[in-house]
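What follows is one structure encoded as structure tokens, with my remarks underneath.
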Amino acid sequence: MKRRSFSGRNAARRSPRLADKAARAAAAHGSSASLPLTELPVRGRVDCTGFIESVTYQPANEQAHFSAIVVDRIAHRGDTGPLTRLRVIWLGRRKVPGIEPGTVLRLEGMVTPKDGMPTMFNPRYEILSRQEHQ
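This is the structure in structure tokens:
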């Protein structure tokens, strides 16, 4: 299992710019009706917006699925508040184009608890903003 995360020294430096960009992108795409991740129901249909914190690639010898962890904000050094996380799983896919750490997404789908974490399977998604690569 291979995992990529959006973290490190440069993440804290770029995140205010990315957060502003995400807010502008969400407003421009009419995402004002999106539910904050902190208000997700235990079960039910939701429309929410968040940052991809990490993605997990499955080896070829395992069942095909691609997963990502979506957070409501990017953690900064010294940030003590808890992050709200949502696990997103695409079944039957080894990779989803455009889904990588640092991307801002609008997601729509059914939320259900799995292993103690809110999880969304095969959601509809819209890429609102991407992380600039250096």
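Residue numbers for the sequence shown follow my numbering, so the first one is 682 and each next one is one higher. Note that beta-carbon positions come from the ideal geometry of N, C-alpha and C, so glycine has one too.
In the structure shown, E720 falls within a helical segment according to DSSP collapsed to helix, strand and coil. Inclusion of I770 and I733 in the CB contact set at 8 Å is not warranted, their separation being larger than that value.
Taken atom to atom, the span from the alpha-carbon of S748 to that of L764 is near 18 Å. Between L786 and G731 the beta-carbon gap is near 6 Å, inside 8 Å, which marks them as a contact. Under the DSSP assignment, K795 falls in the beta strand (DSSP E) whose first and last residues are 785-795.
The three-state reading of DSSP puts S748 in strand, counting E and B together. With a cutoff of 8 Å on beta-carbon distance, S735 and I755 are scored as not near each other.
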